[in-house]
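J.: My structure is below; once you've seen it, I'll send some questions.
Chains as they are written, first to last, in the numbering used here: chain A, 2 to 288; chain B, 2 to 787.
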């Protein structure tokens, strides 16, 4: 397939990329390219300029910043899945990254591109929301952090403004006594989540649930954080029946998506099933 | 000589060049002054063309030509795509290579751009302005025949291309009147997209000084393409067309057919007098490669009190798509209706098939081609009948099998099965899978409320090597069904083989070498196999319908016998012995009882070419050509067993086991046979569980990308357990039957039967393929017993 003509610029540093982005109307940022290039080939977008940010050193790496973790926008799914720091302190993210597509995609696709593209079937958005991550957006001369819960506005639509590049995401390490889990039913063709459930469960010394976050990919246009379920289960001893009851009574996801493979009704049903499994597993890992 | 070559798993000769990337496919060829074609295709399922403005496209720098149907009509070329199989009263509306007044499916080509490079050609396509007036479309074959449905062709009232029947309607009615049990099923055989890994491609080079066209293209049958290009599309004399199929990256049937695109590329080369290349993108391939299946069927079986089948009646609406593709009319008729006896003695059968035009890509042969559809109907009905009668699915099959001593067996639907031992394959499969223990575990799971286990059988029949030509001709084929095979033994004794079969992944360079090396007693590395080139190879019909070993291989076996007979005459002369006293074994001619009095075939070959001392009446040289026309089809068979677990909560299916016992006659190369079965089973499971080409009511293909059309991947399939029984074909010299399609024929029914078996406790009898989790979940949910 043959994309329309575009100019290709390869940035050596962030400042250069941001300058080019400001100077070129209709420019698109290229990182791993696994969403953008198919779109170009199918001529669904016709940007005049592509700014390749893949070589920018500031955007790389996964590091500890005290009790927080910073992941550069260019970290690949493979790097995230294999990171000892993440596997120890944020298993849910490593687990979700390991379930994305196939090894070739995981070696190229980046967390920044994943979040910025905001595909509803993508695996990382719900994890970012459950982690209450902050997404760092940098423009020429300005920098801001947006909470993951506010970042996703609609299908393929985010808070990002023209001229901004997603530069990193940051979140708190999961503390001792916390278990997490990501499970999904994947689409047999695309590998995207028909329903993906990210669960984070923190237990206190008595074994009661002190904090619970549950978020979904694939069910609605944007990742859905099940706050009512958290309210119902925080403070409980998180027995199986508690989880079942909360999911039965308190899980309401508005405007579920449907397509020829899976209807909205079915996705809602899957949300309950996968939430139950993910919560139980997260709880068992916390113990 | 080493161990016998025939029957050994020698490594594929093809692989070193293919796996090191040195194999050259059509798109790998680059010629001087080569230009590129890109097609403007209809975005509508059904529309009138009110006008086409190509001016802006033509002005784009680098564009060499923009052509529409008007230009084709002004040329000397007939410019159509023909139908290669005619049925009684069939309607064959014209299929122009570029649509002129109407488009009938999304992807129908309306114009072509030729430019200096691919990008310019593609950009120019966007500058072509086509004034379409969309009209209503119809995509479902059962709805397309209803009153008031949109009409595709003036020639075909109610969109009916043909209304065909086979069998004895009255005998079937009588069988139903006396039946104790009846089984009934309504099903849809889902439409599939072939997805050969290499998309279709053509590189045409017309030399106006000689009038010669050289056409490299993705073809399973270069001589058929040459013939149809000459007769129907281009109007060039046949001897002025040279078709070459270089390496071809799979076909599954989709590269049998003669499409507009390759003809357009050739026609453009004739206009521009430059080489023109066209290669489909994956999206174009999905829109325009002939699809497979797409049947809507009602079928009923009548049985007596003992579960013996009395009669079978089948009515099918078969989608033909927008136009009749090359062999489309044969697929749901002579390759479907004739297979409905399965492995069973069925005293009365009647089948009515209505071929229907729809606003979709044309439908034609796709791996199995009619036989998977027939097997699916029969094997699903057998399981329904087992439920009706209370018999175990294995037992009801056993009661109805054609007995081993009844061959050759004449069915009620024209075919005569050559040989078989159906009981043997079923017994072997049951033993290997541990059938009784599995049934026990199934019961235990139901009692304990565990996720249900399902065991699905498919005892299938396959028909390979459509034959003989005279009979096929009476059925409507506009083609012969013999095959050519030429062997040239060179003066040094090495051998070149020319076959009319045209491999595109099957490994004929290996297996045909094995056949010839084994017969002539030379090393397998002393044999070269040439195929896929109309200037090198005698006329042949190509590779499809699992025919190559049985027909093409047999042609070579006969040629090898001719070589040996001539060699024997020369050897007898040289050895001063009577011809009848000269034996041939392991590459040596020797006088019976005096093994030291011998001449190697290499020595005889040299004598044949030197011609210094030949017996009287013997011409020099050592070569033989055979045009082998088989006496009959061959009929491979087997038992496949799928074992699955269904998760009621989500409707997800887990494949626990997949075991196949196939009988494909004598085996030339077990490794290649296993590979064919693996691929075929994977494709059939793809149909059962994941694949479906979905059109919306306007004729938009909703699954046009691999993002939403789900091909099976290795991790989704698990391990296949393969075993064999061997019942040789009695009527060809090799005793081989064929294996290319068996896996795809057997496995959809095995898988669906397994899942329905698991769902039996929920009272669920049938779900249409593909068995997606939501469909399974809904079936369970609606029965209210989840």
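Ideal Cβ placement from N, Cα and C applies to all residues, glycine included. Predicted model only: the values in this text are computed from it and were never measured.
Per DSSP, residue 262 of chain A forms a beta bridge with which residues?
T.: Note: residue 262 of chain A sits in no beta bridge, so no partner.
J.: Assuming contact is defined by CB atoms lying nearer than 8 Å, are residue 398 of chain B and residue 346 of chain B in contact in what I supplied?
T.: Not a contact, by the Cβ cut-off of 8 Å.
J.: Roughly how many whole angstroms lie between the Cα atoms of residue 610 of chain B and residue 342 of chain B?
T.: So the two alpha carbons sit approximately 53 Å from each other.
J.: Using a 10 Å radius around the Cβ and a threshold of 16 neighbouring Cβ atoms, would you call residue 645 of chain B buried or exposed?
T.: Classification for residue 645 of chain B: buried.
J.: What three-state label does DSSP hand residue 106 of chain B in the structure shown?
T.: In this structure, residue 106 of chain B counts as coil in the three-state DSSP scheme.
J.: Just reading off the beta strand (DSSP E) that residue 603 of chain B is part of, what are its end residues?
T.: Here residue 603 of chain B belongs to no beta strand (DSSP E); instead the alpha helix (DSSP H) covers 602-611.
J.: In whole angstroms, give me the CA-to-CA distance for residue 689 of chain B and residue 772 of chain B.
T.: Those two C-alpha atoms are separated by around 6 Å.
J.: Within the continuous alpha helix (DSSP H) that includes residue 502 of chain B, where are the two ends?
T.: Careful: residue 502 of chain B lies outside any alpha helix (DSSP H) and carries neither H nor E.
J.: Only counting the same chain, and skipping five residues up and downstream in sequence, which positions put a Cβ closer than 7 Å to that of residue 724 of chain B?
T.: Cβ within range, chain order: 429, 433, 662.
J.: Roughly how many angstroms lie between the CA atoms of residue 506 of chain B and residue 14 of chain B, to the nearest whole one?
T.: Those two C-alpha atoms are separated by around 12 Å.
J.: Under 8 Å between C-beta atoms, does residue 264 of chain A make it to chain B?
T.: Interface residue, yes.
J.: I need the DSSP call for residue 144 of chain A, collapsed to helix, strand or coil.
T.: Three-state DSSP puts residue 144 of chain A in a strand.
J.: Keeping to the same chain, check which residues put their C-beta closer than 7 Å to that of residue 588 of chain B; ignore five residues upstream and five downstream.
T.: Counting only Cβ-Cβ distances below 7 Å, and skipping sequence neighbours, we find 2, 521, 522, 523, 601, 602.
J.: For residue 731 of chain B, which residues from the same chain have a beta carbon less than 7 Å from its beta carbon, with the 5 sequence-adjacent residues on both sides left out?
T.: Cβ within range, chain order: 419, 420.
J.: To the nearest angstrom, how far is the alpha carbon of residue 606 of chain B from that of residue 490 of chain B?
T.: Using only the alpha carbons, I get a separation of about 7 Å.
J.: So, is the C-beta of residue 62 of chain B closer than 8 Å to a C-beta in chain A?
T.: Judged by the 8 Å Cβ criterion, residue 62 of chain B is not in contact with chain A.
J.: Determine, using beta carbons only, whether residue 167 of chain A comes closer than 8 Å to chain B.
T.: No, because no Cβ of chain B sits closer than 8 Å to the Cβ of residue 167 of chain A.
J.: Give the secondary structure of residue 527 of chain B by DSSP, where H, G and I count as helix, E and B as strand, and everything else as coil.
T.: Helix.
J.: Please state whether the Cβ-Cβ distance between residue 94 of chain B and residue 157 of chain B is less than 8 Å.
T.: Yes, the pair counts as a contact, with Cβ atoms nearer than the cut-off.
J.: For residue 218 of chain B, does the three-state DSSP call read helix, strand or coil?
T.: Strand, per DSSP.
J.: Taking Cβ-Cβ distances shorter than 8 Å, what residues in chain B pair up with residue 217 of chain A?
T.: Going along chain B, no residue has its Cβ under 8 Å from residue 217 of chain A, so there is no contact; the nearest lies around 15 Å.
J.: Restricting to Cα atoms, I'd like to know which of B/183, B/54, B/162 is closest to residue 130 of chain B.
T.: Taking only the C-alpha atoms, the option nearest residue 130 of chain B is B/54.
J.: DSSP state of residue 786 of chain B, grouped into three classes?
T.: Low local confidence applies: a pLDDT of 45 at residue 786 of chain B is under 50, so the model's placement there is unreliable, with the coordinate-based value given in what follows. Note: residue 786 of chain B maps to coil in three-state DSSP.
J.: When the distance is taken between beta carbons, is residue 319 of chain B closer than 8 Å to residue 296 of chain B?
T.: Yes, these two residues count as a Cβ contact at 8 Å.
J.: Hey, quick one: how far does the beta strand (DSSP E) through residue 39 of chain B stretch, first residue to last?
T.: Unbroken beta strand (DSSP E) run through residue 39 of chain B: 36-42.
J.: Is residue 271 of chain A close to chain E? Criterion is C-beta to C-beta, closer than 8 Å.
T.: The structure shown contains no chain E; its protein chains are A and B.
J.: List the DSSP bridge partners of residue 791 of chain B.
T.: As shown, chain B starts at 2 and ends at 787. That puts residue 791 of chain B outside it, with no answer to give.
J.: For the segment 213-228 of chain B and the segment 496-506 of chain B, state whether three or more C-beta atom pairs, one from each stretch, are separated by less than 8 Å.
T.: Contact holds: three or more Cβ-Cβ distances are below 8 Å.
J.: Is there a Cβ of chain B sitting closer than 8 Å to that of residue 190 of chain A, yes or no?
T.: It does; some Cβ of chain B falls within 8 Å.
J.: Against chain A, with Cβ distances strictly below 8 Å, would residue 472 of chain B count as a contact?
T.: Taking Cβ atoms only, chain A never reaches closer than 8 Å to residue 472 of chain B, which makes this a no.
J.: Looking at the strands, I want to know which residues DSSP matches up with residue 184 of chain B.
T.: Per DSSP, B/302.
J.: Let me know if residue 411 of chain B comes out buried or exposed under the rule of 16 or more other beta-carbons within 10 Å of its beta-carbon.
T.: Exposed, because fewer than 16 other Cβ atoms sit within 10 Å of the Cβ of residue 411 of chain B.
J.: Do residue 632 of chain B and residue 469 of chain B count as a contact pair if the criterion is CB distance below 8 Å?
T.: Yes, the Cβ-Cβ distance between residue 469 of chain B and residue 632 of chain B is below 8 Å.
J.: Rank A/29, A/55, A/53 by C-alpha distance to the C-alpha of residue 47 of chain A and give the top, closest one.
T.: The shortest Cα separation from residue 47 of chain A among A/29, A/55, A/53 belongs to A/29.
J.: In angstroms, rounded to a whole number, what distance separates the CA positions of residue 282 of chain B and residue 200 of chain B?
T.: Their backbone Cα atoms lie some 7 Å apart in a straight line.
J.: Out of B/704, B/664, B/445, which has the shortest C-alpha to C-alpha gap to residue 423 of chain B?
T.: The residue with the shortest Cα to Cα distance from residue 423 of chain B is B/664.
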